[in-house]
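In this note's numbering, the protein residues as written are 128 to 215.
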């Protein structure tokens with residue numbers, strides 16, 4: 128998980144994806160929402176007033192970024208038709 132986000136969340140808190148899940152119909156929406164929250168709660172955005180895009184380029188929330196990339200890549204995989212999309 129994101130190293131900057133894990134310190135801000137309590138250990139018992141689950142990512143928003145698992146709490147009161149809202150179906151929006153988009154692929155990888157849970158990972159997208161968690162990545163968004165991680166970036167918005169990072170010290171890079173809050174204290175240094177940088178944009179979330181700049182913080183993402185600097186390596187913040189790297190774990191969620193890689194998970195989001197893997198989820199999006201699985202949509203292009205032809206084997207996903209048989210296996211289903213990779214969930215999160």
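Heads up, the beta-carbon is just placed ideally off N, CA and C, and yes, glycines get one too.
Computed from a predicted model, the values in this text were never measured in an experiment.
So, residue i versus residue j, is the Cβ gap smaller than 8 Å?
i, j, result
"residue 191", "residue 165", "yes"
"residue 198", "residue 171", "no"
Leaving aside the five residues before and after residue i along the sequence, list all residues of the same chain whose C-beta is less than 8 Å from its C-beta, in chain order.
i, result
"residue 159", "153, 195"
Have a look at residue i and residue j and give me their C-alpha separation to the nearest angstrom.
i, j, result
"residue 185", "residue 209", "37 Å"
"residue 174", "residue 205", "43 Å"
"residue 167", "residue 180", "10 Å"
"residue 177", "residue 201", "31 Å"
Starting from the C-beta of residue i, find all residues in its chain whose C-beta is less than 7 Å away, skip the five residues before and the five after it, and write them out in chain order.
i, result
"residue 162", "188, 191, 192, 195"
Which of helix, strand or coil does DSSP assign to residue i?
i, result
"residue 161", "helix"
"residue 210", "helix"
Length at least 3, wholly inside the segment 170-200: the beta strand (DSSP E) runs in chain order: Listed in chain order, nothing qualifies, since the segment 170-200 has no complete beta strand (DSSP E) run of 3 or more residues.
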